[in-house]
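Student: The sequence shown begins at 1 in the UniProt record's numbering and counts up one residue at a time.
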Amino acid sequence: MSQEQLFKITQDYTPESDQTKNVIADFVGHGNTQTAMATNLQTEPIGVQVVKQESQSISSGAGPQLGSPSEHRGEITIGEALEATALTAGHRPVDYSDAAAIQAAEVRATGRTNIVPGGVAAAAQSAATRNARVPRDEDKTKLGDILSDASAKLPSDKPVTRRDAEGVIGAELRNDPNLCTRPGGVSASVAAAARLNQSNALTNNTNKIN
Numbered sequence: 001m002s003q004e005q006l007f008k009i010t011q012d013y014t015p016e017s018d019q020t021k022n023v024i025a026d027f028v029g030h031g032n033t034q035t036a037m038a039t040n041l042q043t044e045p046i047g048v049q050v051v052k053q054e055s056q057s058i059s060s061g062a063g064p065q066l067g068s069p070s071e072h073r074g075e076i077t078i079g080e081a082l083e084a085t086a087l088t089a090g091h092r093p094v095d096y097s098d099a100a101a102i103q104a105a106e107v108r109a110t111g112r113t114n115i116v117p118g119g120v121a122a123a124a125q126s127a128a129t130r131n132a133r134v135p136r137d138e139d140k141t142k143l144g145d146i147l148s149d150a151s152a153k154l155p156s157d158k159p160v161t162r163r164d165a166e167g168v169i170g171a172e173l174r175n176d177p178n179l180c181t182r183p184g185g186v187s188a189s190v191a192a193a194a195r196l197n198q199s200n201a202l203t204n205n206t207n208k209i210n
């Protein structure tokens, strides 16, 4: 990803920006998000939820479609979107909703139905579990600690799509006690990347036609 694209994500989708709320609303639809998510709220452990949901998507053909590196040139990958989160929300402690979103992102990036041992999702789950027992925020593991080198921790990666963003947003919503996403967090960055990829693809197609 170019520095210009990374800058656009971190500027347009900061916690203070209304675009963060707008892009999440665009991906989850215009209905009552909290009611819809409450209806589908799961009680299984985070890792089990994410793996079940994402394995169903992958087995139905909705998983990553990996192509040659040339096909992905100029597109923002899932790993890069996670790294953008380290810039927009790196100071925030990792919680269970963050861990769920990161796990959903990793499963979609790798196409695997299991969490990668020692990977970014495993690190996020461990951090969330530890942080839940640590009283002071300053002593907790932050998102920046987990996501600053996310691409290097993924055994494979892919450009972010709208379907990827929907899966990550859903995972974050289901595991937040208030059924909300975190402004400038994992979902916001992945959704922003998906929208940029979609916009760039439309621009490229228009240029080809002309």
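Quick reminder that beta carbons are idealized off the backbone N, C-alpha and C, glycines included.
Here the structure is a predicted model, which means the values were calculated and not measured.
Express the C-alpha separation of Gln125 and Ala193 in angstroms, rounding to a whole number.
Tutor: 23 Å
Student: Could you check what DSSP says for Pro110 in three-state terms: helix, strand or coil?
Tutor: The displayed chain sequence assigns Thr, not Pro, to residue 110. Per DSSP, reduced to three states, the secondary structure at Thr110 is helical.
Student: Can you give me the C-alpha to C-alpha distance between Val168 and Asp139, rounded to a whole angstrom?
Tutor: 27 Å
Student: Opposite Pro159 in the DSSP bridges: which residues?
Tutor: Thr77
Student: Taking the Cβ atom as the reference point for each residue, do Ser97 and Asp164 lie within a distance shorter than 7 Å?
Tutor: It is not a contact, given that the beta carbons lie outside the stated cut-off.
Student: I need the straight-line Cα distance from Leu143 to Lys208, nearest angstrom please.
Tutor: 40 Å
Student: Return the chain-ordered list of same chain residues with a C-beta closer than 7 Å to the C-beta of Asp137, the five sequence neighbours on each side being excluded.
Tutor: Pro93
Student: Given His30, which residues of its chain have a CB within under 8 Å of its CB, disregarding the five upstream and five downstream residues?
Tutor: In this prediction, His30 scores a pLDDT of 40, lower than 50, which makes its location untrustworthy; no coordinate-derived value is stated.
Student: Would DSSP call Lys142 helix, strand or coil?
Tutor: It is a strand residue.
Student: Per DSSP, Pro183 forms a beta bridge with which residues?
Tutor: In the DSSP assignment, Pro183 is bridged to no other residue.
Student: Suppose contacts are defined by Cβ-Cβ distances below 7 Å. Is Ala84 in contact with Ser189 by that definition?
Tutor: yes
Student: Assuming Val186 and Ala128 form a contact by the criterion Cβ under 8 Å, report the distance between their Cβ atoms to the nearest whole angstrom.
Tutor: No, Val186 and Ala128 are not in contact; Cβ-Cβ is about 12 Å, not under 8 Å.
Student: Candidates Asn200, Lys153, Glu166 and Gly111: which alpha carbon is nearest Ala122's?
Tutor: Lys153
Student: Could you tell me which of Gly74, Leu87 and Ala99 sits nearest to Asp149, measuring between CA atoms?
Tutor: Leu87
Student: Compare the C-alpha of Thr181 against each of Val107, Ala89, Leu147 and Val134 and name the closest.
Tutor: Ala89
Student: When we look at the beta-carbon of Val120 and count the other beta-carbons within 10 Å, is it buried (16 or more) or exposed?
Tutor: buried
Student: Where Val160 and Gln103 are concerned, what is the direct C-alpha to C-alpha distance, given to the nearest angstrom?
Tutor: A straight line joining the alpha-carbon of Val160 with that of Gln103 spans about 15 Å.
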